[in-house]
Every structure is written in C-alpha cells, then in structure tokens.
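Residue numbers (our numbering): -4 to 285.
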Ligand SMILES: NC(=O)c1ccc[n+]([C@@H]2O[C@H](COP(=O)([O-])OP(=O)(O)OC[C@H]3O[C@@H](n4cnc5c(N)ncnc54)[C@H](OP(=O)(O)O)[C@@H]3O)[C@@H](O)[C@H]2O)c1
C-alpha cells in the first residue's frame, strides 16, 4: 500500500488523486479530518497523523510499503524536527520506499532559510537506511504566481531583489505527476531534479504574465533591504526571512538550471511557464475574478 502525506494539501492531494485513479492501493495521511473533504469524497482510506506526533506516525505507517512524503513548511526548527519524526517512524515501521520532496537549493554555501532543513532530511534518509527516492524540486510556478505576480497586479510592478537572475519554474501539478510515477513504479535509490523545461529572466516572467492576464506588468529590481522591510509589514515570522533569503539564492543562480529528469520520468516535458500562466488566467476568468 502507498501512503501519501500532505493529502489535504495541493501536491499531496494531486499525487493521491493520480495514484487512486490509476488503480493503485493508496491511502491518505491527514492531520485534520476537517480539511480532508475531497479525500473523503473520493473514498480513499484515511490515516490521521501529525508530523509532530511520533506515535501517531508509527500507527499511520503500519503496513505501508511506500510512503509519498510531502515536505512540511513553516518555522525551520519545527520543520526539521517534523521531517526527522517522519523519517525515523517510517524506518522503524519498515517502510521500504520513501519518496521525498526536497529542493534543488542544496548547496552548503546557500543562505536560503530552508536549505539546512532539507540537507538534514536527506542526510537522515541516507543514515536511517530507509530506501528513498529524492525529488529535488525547483521553484514552484505556483509560488511565483501567488507570491509575486498576483500581489504585483495592482501596481503593474513586480519589485524584487533578483537582479538579472533566471529561474526554471515547475508547476505543483507536474511535481504531483512525478511523485505518482515514482511511487508507483520506481525502486528506491534515485535522485531527480525536477525543474521546468526553460529558464526565464524576471523581465520574461513579467511579459508572460502581461500576455496571460491582459494587464501590463513589469519587473522592477529593488534593493534586498527594501524588499525585506516590505515583507515585515506584510507577513509574520519566519516568512520575511524565508522569502528574502530565497531571493538571495535565486539571484545567486541556484534555481536557473534546467534539468531533463522530469521528461525522463514522465515521458513528456514539464509544462512551460507561459502555458502554466495561460491556464491560471483562464481559471480566474472563468470565476469572473481577476
Ligand atoms: N519548491 C517550491 O517553490 C515550494 C514552494 C512552497 C512550498 N514548497 C514545499 O512544498 C510542500 C507542498 O506544497 P503544497 O502547495 O502542497 O502545500 P500545502 O497545500 O500547504 O499542503 C501542505 C500539506 O502538509 C500538511 N501538513 C502541514 N503540517 C503538517 C503536520 N504537522 N502534520 C501533518 N501534515 C502536515 C498540510 O495539512 P493541513 O491541510 O492540515 O494544513 C497539507 O496537507 C510544502 O509543504 C513545502 O514544503 C515548495
């Protein structure tokens, strides 16, 4: 049986749906039944557990052959502890194959807020001897849309401290597709880098958004300190630090490499950013909101 964590969230839910529709024996792990309406409606068996509660994880992992482990998010120390709980509980329960969503930004020299968290998780997976497949994910196209493009639409300006950086975004739907394929068919031990098929400058991203949404947008490089100050006014700790350090990492070129691993796994290229934005624009227009 394949157990999918984060099943009430986007990536886990989309991977679960694919596995279930393809006839695999699959169960969903959620921490809160109240957030699992779609999973319940699909009739997929549910196990309730929290990354913070080791005993609940041990119960959830009984009889599980393969675990799709969608990384946690939030305060770095908490996330590191949660990842350790999941990896240790899965290894103790004899889960044969853990498929983990890591990040491409793994260099020890990176100052990205979450890099030490993911380095720790990958090290633990190797040390615990649990069979693992690591999917190192590039920047989500969805993050660029929700965190940078949509908020910038009012002013028509995407002000970010990214200099001349380029990124190769990949959609969460494509991450889910890769997860489903790996969980269903692969043997443990592989490492994949999942990126979009093309690297874009932020001018190109703004142009693509202008075309997709019919609203003029431009990229306006700004100073890191100005961006950080804006973030502190907009969001709670730790997100200002997470986003500002992400921008430093991006401007150091850590998200620009294009990998063909997705195509090798799935048999088609990942969706390009223009197509992702076109679909996002259509969805919003069909809801009669911009
Ligand atoms: N590469 C990138 O650009 C990028 C960008 C953003 C995020 N990420 C990573 O990708 C992951 C998946 O993204 P997403 O969009 O699918 O996120 P999402 O929609 O927020 O889903 C996160 C899932 O994790 C579950 N979860 C969180 N804390 C948990 C805990 N303590 N115990 C058990 N379950 C817990 C959530 O449960 P609830 O529904 O109960 O909250 C939810 O099901 C994120 O968690 C983050 O690690 C990557």
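We put the beta carbon where it would ideally sit given N, CA and C, even for glycine. Source: prediction; values computed, not measured.
| Item | Value |
| --- | --- |
| On the three-pair Cβ rule with 8 Å, is the segment 246 to 255 touching the segment 189 to 202? | yes |
| Kindly indicate which residue of 49, 211, 213 has the alpha-carbon position closest to the one of residue 81. | 49 |
| Measuring CA to CA, which of 197, 114, 14, 46 is closest to residue 34? | 14 |
| Look up residue 4 in the DSSP assignment and say whether it is helix, strand or coil. | coil |
| Return yes when the C-beta of residue 363 is under 7 Å from any heavy atom of ligand 1, and no when it is not. | What the structure shows of the chain is the stretch from -4 to 285, and residue 363 is not part of that stretch, so it cannot be assessed. |
| What's the C-alpha gap between residue -1 and residue 269? | 30 Å |
| So residue 222 and residue 156 are in contact, right, with Cβ under 8 Å, and what is the actual spacing, rounded? | 5 Å |
| Restricting to Cα atoms, I'd like to know which of 72, 57, 42, 118 is closest to residue 26. | 42 |
| Identify, in the order they occur along the chain, each residue of the same chain with its Cβ nearer than 7 Å to the Cβ of residue 374, setting aside the five sequence neighbours on each side. | An answer regarding residue 374 cannot be provided, because it is not within the stretch -4 to 285 covered by the chain. |
| Which residue's Cα is closest to the Cα of residue 217: 153, 241, 184? | 153 |
| Give me, in chain order, the residues of the same chain whose beta-carbon lies closer than 6 Å to that of residue 241; leave out the 5 immediate sequence neighbours on both sides. | 107 |
| If you drop the 5 nearest sequence neighbours on each side, which residues of the same chain put their C-beta closer than 7 Å to that of residue 164? | 133, 134, 135, 136, 139, 191, 268 |
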